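Okay, so here's the structure we're looking at.
Residue numbers (this note's numbering), protein chains in the order written: chain R, 1 to 404; chain H, 1 to 306.
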């Protein structure tokens with residue numbers, strides 16, 4: 001009895017030390033991947049990350065240790081993660097391009113979270129997601145350049161109009177099968193692209209230039225900050241600005257996933273007829289998944305437009321749709337953390353191999369293909385929903401494990 | 001009157017190309033309930049296989065000596081190659097994923113299309129730019145009632161009819177065709193009756209991909225040009241045609257192809273600024289069909305079974 005207790009304590013203290021060590025390793029890896037331009041260093045770090053991941057997924061002991069220590073130290077994990085996200089850009093003062101990549105990664109995370117509602121949670125293929133992104137970007141850009149509205153009104157309008165389009169695109173497919181949805185979404189993507197290219201007020205292939213930067217109480221994000229004698233590039237402002245939106249998107253996605261609506265989404269994915277029989281309004285849920293996903297795309301589009309200051313139809317073509325799809329599939333469909341990781345990897349890694357930029361889309365296609373064949377659940381698997389814990393106490397909730 | 005006739009001819013031409021793509025597309029849906037989104041890219045793959053082979057044949061002097069015989073042989077060679085490609089796609093990609101949810105398989109075919117497209121762009125020399133495609137069909141034409149009938153368009157329409165008749169023969173008169181129809185109706189029962197399901201599905205993939213290769217070559221040789229990313233548009237048009245006609249229905253795909261071709265050509269001609277938006281009109285037609293008649297013109301009404 002005593003000895004087993006002792007063993008438990010020893011394991012406990014080991015776990016206590018494990019989480020910080022693991023965090024340190026992960027943060028060091030991420031930092032190296034982000035900050036170093038040398039592709040050999042990046043490749044080495046990616047390989048190390050992959051090794052860590054394989055140890056996690058193949059060796060049950062490692063997996064159990066990591067999952068449990070992560071569970072017990074949730075607060076530490078969250079605090080360190082947020083701290084790292086806040087501090088890292090300040091150390092990259094002399095490398096504005098690296099911060100630019102991080103901003104694009106954050107926007108990609110918002111996009112991938114939105115697509116995850118459709119492809120991951122509800123199981124509806126959406127192959128024209130970039131069109132919603134484009135609708136948001138153009139709405140916001142047109143409102144602020146042609147009508148002179150402020151950024152805050154524009155971004156809300158962008159989200160709402162994008163959501164409206166999502167709802168409209170969802171309508172014709174309520175009675176049909178999943179591949180009809182794929183067709184309609186591709187068609188919508190192509191039609192949007194053609195329209196943006198040919199209509200007069202969107203500026204045609206030239207796009208829209210000189211989109212003003214967001215202002216917070218009259219302070220433009222295009223003015224750089226001076227702090228402790230150092231001038232920080234404007235990218236730092238935008239980084240924190242977009243980070244707030246990304247965290248908001250993350251929180252909202254998590255809230256929806258954990259709510260009843262998230263459960264209904266999953267019910268539609270698993271078996272539509274059974275869901276209908278159980279009283280789930282499947283039409284409403286599908287439309288909702290479209291609207292919410294499109295809303296996030298609209299917000300991301302608005303952020304992109306106001307950050308870059310210039311948009312053209314080429315930013316929102318089929319390739320963009322497939323890239324976002326790749327992020328969702330690689331990270332793990334219907335797992336919010338996984339989707340974030342996928343979006344981060346697929347938007348940062350290609351920037352480090354710019355000499356191979358020609359192969360970028362080929363690599364995206366191959367990654368999606370290989371992921372689907374060998375690990376369709378993605379890097380981080382879906383979590384089983386555990387409700388027993390709420391009834392029988394916490395111990396039962398901990399037994400819920402990942403499943404294939 | 002003359003413009004109308006001329007438009008009619010070009011509508012027939014576009015329609016027959018769409019029908020060829022749609023028939024291949026509908027075969028996958030009909031037999032294993034799979035929407036193969038790499039179908040359009042297989043068309044383009046056919047053209048990019050054709051170009052180096054044609055170049056080699058010209059250099060070796062085979063073409064000039066006996067053009068009338070060599071070109072059909074080359075086309076048949078390409079059909080064989082794309083057919084083998086289809087079988088490979090089934091073996092490598094579709095078969096391991098048949099048990100997975102359909103969404104996974106659908107996304108995998110989308111990714112396969114992307115890999116074909118980008119693979120062509122990266123591997124083929126100067127692949128990002130449009131490539132001049134050799135004229136394989138007889139040039140020239142003759143005048144009839146003040147309109148010009150090109151031999152090439154007539155050949156394309158003729159070849160399409162031949163392909164469709166051949167396919168009709170295969171489906172209705174051969175043992176393999178009976179097997180395909182049986183698998184399409186009920187795969188389990190078909191297997192119990194001694195039908196080799198795997199061989200049947202491979203045959204479907206080979207025929208479908210060969211049809212795609214044919215459509216790609218005819219399309220490229222008519223316009224004299226091919227590009228790595230033409231396939232996505234062609235594939236979606238074929239899919240749209242199949243949906244309009246009724247997915248999984250062989251005759252429906254042909255009817256849908258013709259409807260789509262006529263809508264596109266006449267909308268481009270008679271609606272002001274229509275040529276810029278001709279794709280928009282055809283997609284609107286598809287969406288209208290999905291709302292008001294999701295089963296298509298000839299399709300049966302879908303009843304969902306528990």
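No residue lacks a Cβ here, since even glycine has one placed at the ideal position from N, Cα and C. This one's a predicted model, so the numbers in the text were calculated from it and none came from an experiment.
Under 8 Å between C-beta atoms of residue i and residue j
i	j	result
residue 316 of chain H	residue 142 of chain H	Residue coverage of chain H in this structure runs from 1 to 306, which leaves residue 316 of chain H outside it and unanswerable.
residue 206 of chain H	residue 163 of chain H	no
residue 298 of chain H	residue 237 of chain H	no
residue 49 of chain H	residue 78 of chain H	yes
residue 40 of chain H	residue 208 of chain H	no
residue 22 of chain H	residue 242 of chain H	yes
residue 109 of chain H	residue 36 of chain H	yes
residue 120 of chain H	residue 189 of chain H	no
residue 297 of chain R	residue 162 of chain R	yes
residue 110 of chain R	residue 249 of chain R	yes
residue 334 of chain R	residue 108 of chain R	no
Beta-bridge partners of residue i, as assigned by DSSP
i	result
residue 37 of chain R	Paired residues: none, contrary to the question.
residue 220 of chain R	R:215
residue 132 of chain H	H:225
residue 273 of chain H	BP columns for residue 273 of chain H are empty, so no partner.
residue 141 of chain H	H:150
residue 311 of chain R	R:208
Outcome for residue i when other beta-carbon atoms lying within 10 angstroms are tallied against a minimum of 16
i	result
residue 58 of chain H	exposed
residue 401 of chain R	The predicted position of residue 401 of chain R is uncertain, since its pLDDT is 45 and thus under 50; a value taken from the coordinates is nonetheless stated next. The residue is exposed, with fewer than 16 neighbouring Cβ atoms inside 10 Å.
residue 192 of chain H	exposed
residue 285 of chain H	buried
residue 114 of chain H	buried
residue 271 of chain R	exposed
residue 318 of chain R	buried
residue 202 of chain R	buried
residue 180 of chain R	buried
residue 294 of chain H	buried
residue 321 of chain R	buried
residue 59 of chain R	exposed
residue 403 of chain R	Summary for residue 403 of chain R: the model assigns pLDDT 43, below 50, so the residue's position carries little reliability, and this model does not support an answer.
residue 105 of chain H	buried
residue 13 of chain H	buried
residue 204 of chain R	exposed
residue 20 of chain H	buried
residue 305 of chain H	Only weak support exists for where residue 305 of chain H lies, its pLDDT of 48 falling under 50; the value from the coordinates is given anyway. Looking at its Cβ environment, which holds fewer than 16 other Cβ atoms inside 10 Å, residue 305 of chain H is exposed.
residue 220 of chain R	exposed
residue 399 of chain R	Confidence in residue 399 of chain R is poor, its pLDDT being 46 and thus under 50, which makes the residue's placement unreliable; the coordinate value appears in the next sentence. Exposed.
residue 287 of chain H	buried
residue 2 of chain H	exposed
residue 196 of chain H	exposed
Candidates the options, of which the one nearest residue i by Cα
i	options	result
residue 287 of chain R	R:208, R:385, R:90, R:172	R:172
residue 100 of chain R	R:367, R:34, R:20	R:34
residue 386 of chain R	R:315, R:245, R:132, R:260	R:260
residue 130 of chain H	H:228, H:51, H:4	H:228
residue 54 of chain H	H:15, H:30, H:132	H:132
residue 217 of chain R	R:280, R:152, R:161	R:152
residue 82 of chain H	H:268, H:211, H:259, H:281	H:211
residue 327 of chain R	R:373, R:379, R:128, R:161	R:379
residue 338 of chain R	R:23, R:112, R:43	R:112
residue 27 of chain H	H:230, H:187, H:258, H:171	H:171
residue 92 of chain H	H:278, H:247, H:202	H:202
residue 19 of chain R	R:53, R:31, R:74	R:74
residue 30 of chain R	R:46, R:140, R:21, R:38	R:46
Per-residue contacts from residue i into chain H (C-beta, under 8 Å)
i	result
residue 97 of chain R	Ordered by position in chain H, no residue passes the 8 Å Cβ test against residue 97 of chain R, which lies about 25 Å from the chain.
residue 123 of chain R	101, 103
residue 67 of chain R	Neighbours of residue 67 of chain R on chain H: none; closest Cβ ~25 Å, over 8 Å.
residue 49 of chain R	Those within 8 Å of residue 49 of chain R in chain H number zero; the least Cβ separation is about 23 Å.
residue 19 of chain R	Residues of chain H passing the Cβ test: none, with the nearest at roughly 34 Å.
residue 419 of chain R	Nothing about residue 419 of chain R can be read from this structure; chain R reaches only from 1 to 404.
Closer than 8 Å at the beta carbon, the chain R residues around residue i
i	result
residue 96 of chain H	373
residue 56 of chain H	Here the premise fails: no neighbours, minimum Cβ distance about 26 Å.
residue 11 of chain H	Chain R residues near residue 11 of chain H: none, gap ~21 Å exceeds 8 Å.
Partner residues on chain R for residue i, Cβ-Cβ distance less than 7 Å
i	result
residue 118 of chain H	361, 362, 365
Partner residues on chain H for residue i, Cβ-Cβ distance less than 7 Å
i	result
residue 318 of chain R	232
residue 369 of chain R	108, 111, 112, 115
residue 205 of chain R	Chain H residues near residue 205 of chain R: none, gap ~12 Å exceeds 7 Å.
Where residue i meets chain H, residues with beta-carbon distance less than 9 Å
i	result
residue 184 of chain R	283, 286, 287, 290
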